[in-house]
Amino acid sequence: MKIHTCARRPRGFTLIEMLVATSVAGVLSSIAYPSFQGTIQKSRRADALVALVQAQTAQERWRFNQRSYGSLTQIGMPATTAGGHYTIEVVAADEDGYTLRARATGSQSRDQACRVLQMTVEGVTATSACVVSAPMRRTRPATAMPLSSATRPIS
Numbered sequence: 727m728k729i730h731t732c733a734r735r736p737r738g739f740t741l742i743e744m745l746v747a748t749s750v751a752g753v754l755s756s757i758a759y760p761s762f763q764g765t766i767q768k769s770r771r772a773d774a775l776v777a778l779v780q781a782q783t784a785q786e787r788w789r790f791n792q793r794s795y796g797s798l799t800q801i802g803m804p805a806t807t808a809g810g811h812y813t814i815e816v817v818a819a820d821e822d823g824y825t826l827r828a829r830a831t832g833s834q835s836r837d838q839a840c841r842v843l844q845m846t847v848e849g850v851t852a853t854s855a856c857v858v859s860a861p862m863r864r865t866r867p868a869t870a871m872p873l874s875s876a877t878r879p880i881s
């Protein structure tokens, strides 16, 4: 007579192995998440830049037919960007130039590096800047950091 001994093979994972794997995944994700958010915010800035350039083009079309530059309503531009992460406004507009501003809204307003993008056109010179302001306090005046070092003529 033969006696069969079945050796039980363990199947699956133990509780300790699952806890170790979960904790490793948690540590890795906590390291990667902030840099991922920074990349997302940086890519959303492109949404604002595109909207500012579109508004610049619309302003130049409006000025070709009128004596001065116009408001967002007059030039036919929406008040928010296509992605909805920035609001666009015409800060100043007259015969000689205009200033456009894009302000971060919603989750994009946590972007520490650049909450406000601004484009100023005076005569034949256009300048773009990322206006950096204090996160919570408004006691210091805002400073401007140029997005491009060269000012370029409008053609």
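When we follow my numbering, the leftmost residue of the sequence shown carries the number 727, and every step to the right adds one. Glycine included, each C-beta is placed from N, C-alpha and C at the ideal position. Nothing here was measured: the structure is a model prediction, and the numbers come from that model.
Please state whether DSSP places GLN785 in a helix, a strand or coil. helix
Beta-bridge pairing of TYR812 - partner residues as DSSP gives them: DSSP lists ALA830 as partners of TYR812.
Quick one, which of HIS811, SER835, GLN785 has its alpha-carbon nearest GLN800's? GLN785
Relative to the C-alpha of ARG841, which candidate in ALA747, SER756, ARG770 has its C-alpha closest? Among ALA747, SER756, ARG770, the Cα nearest to that of ARG841 is on ARG770.
Using three-state DSSP, classify GLU848 as helix, strand or coil. strand
Which residue from ALA808, VAL817, GLN780, GLU821 puts its Cα closest to that of ARG793? GLU821
Let me know the secondary structure DSSP gives GLN795 once reduced to three states. A small correction: the amino acid at residue 795 is Tyr; Gln does not occupy that position in the sequence shown. DSSP places TYR795 in coil when its eight states are reduced to three.
Sorted by chain position, which residues of the same chain lie with C-beta nearer than 7 Å to TYR759's C-beta, five sequence neighbours on each side aside? none
Relative to the C-alpha of TYR812, which candidate in SER797, PRO804, ARG829, ALA819 has its C-alpha closest? Answer by Cα proximity: ARG829.
Using the three-state DSSP reduction, which class does THR740 fall into: helix, strand or coil? coil
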